[in-house]
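Asker: Anchor point for the sequence shown: position 231 equals 232 in our numbering, and the numbering is continuous, going up by one each time.
Where is the CB? At the ideal position from N, CA and C, for every residue including glycine.
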Amino acid sequence: MHVRALFCCVHSTPVSAPGSASSVCHTCAYNDPVDSVDQDSRALCAFIRDHPRLVVLTGAGISADSGIPTYRDRRGVWLHREPIQQQAFLEDENTRRRYWARSWFGWPVVRDAIPNPAHYALAQLEAGGSVQLLITQNIDRLHQRAGSRRVVDLHGRIDRVRCLSCTRVHARETVQGLLQARNRWTYRGPVATRPDGDVDIPEDVCRRLVLPRCELCQGDLMPDVVFFGGSVPRRRVATCMDSLEQADALLCVGSSLQVYSGYRFCRRAQQLGKPVVLVNPGLTRADDMARLKLTSPAGPLLARTAERLC
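In C-alpha cells form, the structure reads like this:
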C-alpha cells in the first residue's frame, strides 16, 4: 500500500512560545493517498488560523503544473546542465548568443503559460488577508496574472529586457520581433524545454544567431532577471525582510531552497523566532527548520486550503 509521509516539527517548548527555534521532529504517515490532500489542508488551515499574517516564498515547483519545468528533482539534484552564470553573460558574447538563441525558441513556453490552481489559491488567500507579501523566486509573472498584488519578483521578470549600455527597457515580445527580423532562418530539429524559457538546442544552431540590439543605442540586451551567480538588489531584499519581521510565519511553496537568495528568508525567520512551513514533495535545505512540512501537490492543497479559509 502506498504510504505518504508528512513531517511536522512539534516544539518542545510550551505552546505560548510558538516561534521558538527549539524543536523535535516527528514523522507521521497517511495510509490513504486519497485523504492526504485533505489531511494536509486541515493541518495548513489550522496553522494559518494560528498565524494569520503570512509571508509566502514560492519556487519553480509551483509553476510546474503550468508547463514550466523545474531546475531540480525531489532530492534537490540538478535535472539539466547548470544554467548560465551572470558574469559569463556580461563578459562573453558567445554566452549571450547562446542565451538568446535558446530564448528565441523557448520564450513562447513562458509567454503562453497560464496560472494553475496554486497561483490562484495564493491570490485568494491574499485577498482574504492571510498573505502579507508573496516573494517569488520565479520570473514568469504567473502570480500577478493570477491576481496577486503584493508580490516581490526576487529574481526579476522574464517579460522585460534591459539595455546594458543605456538601460532602456524593452518588452520581451518586442525583442522576439528583433530576433526574428535579424535571423531569417529557423531550426526544425528536436527542442527540449528547460526552466524559465530556455530550451536545449545544438550549439552549432546557437552560433548562427545574430544578436538582438537595443532599439535606441544598439547596445547589448539582457533579460531583466538575476542570473545564477548574480546578486539580488539590496532594496528588494530589505523589502522582503521588513515584511517578514511583521509577519507571523513564513510559508514556502515549491522550492528546494538550495539557492541562498531564498534560503536566507528561512534563516531569518528562525532568527526571529517565527515558524516555517514547507509545501514541497522532496527534500529542501530547510527541512530541519520546519515546524510543518506538507508533501501534497501544491495545487490541490492550496486550493482546498483557500476554499476553507476564504
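(1) What number of angstroms, rounded off, separates the C-alpha of D221 from the C-alpha of A44?
(2) What is the rounded straight-line gap between the Cα of D160 and the Cα of H171?
(3) Please list the terminal residues of the continuous alpha helix (DSSP H) segment that includes M242.
(4) Starting from the N-terminal side, write out each stretch of the alpha helix (DSSP H) that is 4 residues or longer and does not extend beyond the region 157-198.
(5) I need the DSSP call for D289, collapsed to helix, strand or coil.
(6) With a CB to CB cut of under 6 Å and the five nearest residues on each side skipped, what residues in its chain are close to L165?
(7) L302 lies in the beta strand (DSSP E); which residues open and close that run?
(8) According to DSSP, simplified to helix, strand and coil, what is C253?
(9) Compare the beta carbon distance of V227 and V233 with 8 Å and say whether it is the shorter of the two.
(10) Distance, Cα to Cα, A273 vs R142?
(11) Along the beta strand (DSSP E) that carries T96, what are the first and last residues, could you check?
(12) Give a single yes or no on whether P213 has its beta carbon closer than 7 Å to a heavy atom of the ligand PLP.
(13) In the DSSP output, what is P137 paired with across the bridge?
(14) Let me know the secondary structure DSSP gives V227 once reduced to three states.
(15) May I have the straight-line CA-CA distance separating A299 from L91, to the nearest angstrom?
(16) Residues in its own chain within less than 6 Å of H120 by CB, not counting five upstream and five downstream?
(17) Which residue wins for smallest C-alpha separation from V152, given the options T168, C167, A128 and E174?
(18) Within this structure, are the beta carbons of V132 and V57 separated by less than 8 Å?
(19) To which residues of the same chain is S67 closer than 7 Å at the C-beta, ignoring the five residues directly before and after it?
(20) Between the Cα of A307 and those of L123, V110 and P70, spot the shortest distance and give me the residue it belongs to.
(21) What residue range is occupied by the uninterrupted beta strand (DSSP E) comprising V280?
(22) Counting C-beta neighbours from all protein chains within 10 Å, is the total for D51 16 or more, i.e. buried, or is it exposed?
(23) Out of L55, Q40, D41 and F48, point me to the one whose CA is closest to M242's CA.
Answerer: Reading it off the structure:
(1) Taking the first residue of the sequence shown as 1, we reach residue 221 at position 220. Taking the first residue of the sequence shown as 1, we reach residue 44 at position 43. Near 50 Å, if we compare the C-alpha coordinates of A44 and D221.
(2) Numbered from 1 along the sequence shown, position 159 holds the residue referred to as residue 160. Numbered from 1 along the sequence shown, position 170 holds the residue referred to as residue 171. The alpha-carbon atoms of D160 and H171 are separated by roughly 9 Å.
(3) For the purposes of this step, residue 242 is taken as residue 241 along the sequence shown, with counting starting at 1. Per DSSP, M242 belongs to the alpha helix (DSSP H) from R235 to Q247.
(4) 173-183
(5) For the purposes of this step, residue 289 is identified with residue 288 of the sequence shown, where counting begins at 1. Of the three classes helix, strand and coil, the one that applies to D289 here is helix, per DSSP.
(6) Residue numbering aside, residue 165 sits at position 164 when the sequence shown is read from its first letter. Hits under 6 Å: G220, D221 and M223.
(7) As a first step, residue 302 must be located in the sequence shown, where it is residue number 301. L302 -> not in any beta strand (DSSP E); alpha helix (DSSP H) instead, spanning A299 to L310.
(8) Position 252 of the sequence shown, counted from the start, is the residue given in the question as residue 253. Correct three-state label for C253: strand.
(9) The residue given as residue 227 occupies position 226 in the sequence shown. The residue given as residue 233 occupies position 232 in the sequence shown. Yes; because the gap between Cβ atoms is below 8 Å, this pair is in contact.
(10) Taking the sequence shown and counting its residues from 1, one reaches residue 273 at position 272. Taking the sequence shown and counting its residues from 1, one reaches residue 142 at position 141. Before going on, a small fix: residue 273 reads as Leu here, not Ala. Each residue's alpha carbon lies about 29 Å from the other.
(11) Within the sequence shown, residue 96 is the residue found at index 95, counting from 1. Counting along the chain, T96 falls outside any beta strand (DSSP E), though it belongs to the alpha helix (DSSP H) covering E94 to R112.
(12) In the structure shown, the ligand PLP is absent, as is every other ligand, since no ligand is present at all.
(13) Taking the sequence shown and counting its residues from 1, the one referred to as residue 137 is at position 136. Before going further, note that residue 137 is Thr rather than Pro in the sequence given. DSSP output for T137 lists T59 and D154 as bridge partner(s).
(14) Looking up residue 227 in the sequence shown gives position 226. In the structure shown, V227 sits in coil (DSSP, three-state: anything other than H, G, I, E or B).
(15) Taking the sequence shown and counting its residues from 1, one reaches residue 299 at position 298. Taking the sequence shown and counting its residues from 1, one reaches residue 91 at position 90. Rounded to the nearest angstrom, the two C-alpha atoms are 36 Å apart.
(16) As a first step, residue 120 must be located in the sequence shown, where it is residue number 119. For H120, where only same-chain residues beyond five positions count, the Cβ hits under 6 Å are L143, H144 and A147.
(17) Walking along the sequence shown from the start, residue 152 turns up at place 151. Comparing Cα-Cα distances from V152 to each of T168, C167, A128 and E174, the minimum goes to A128.
(18) Here the question's residue 132 lines up with position 131 in the sequence shown. Here the question's residue 57 lines up with position 56 in the sequence shown. Yes; because the gap between Cβ atoms is below 8 Å, this pair is in contact.
(19) Stepping through the sequence shown from its first residue, residue 67 is reached at position 66. Excluding residues within five positions, the ones whose Cβ falls inside 7 Å are A114, I115, P116, N117 and L143.
(20) Counting from 1 along the sequence shown, the entry for residue 307 is found at position 306. Among L123, V110 and P70, the Cα nearest to that of A307 belongs to L123.
(21) As a position in the sequence shown, residue 280 is number 279, starting the count at 1. Counting along the chain, the beta strand (DSSP E) containing V280 begins and ends at V277 to V280.
(22) Here residue 51 corresponds to residue number 50 of the sequence shown, with the count starting at 1. Exposed is the call here.
(23) Here the question's residue 242 lines up with position 241 in the sequence shown. Nearest C-alpha to M242: L55.
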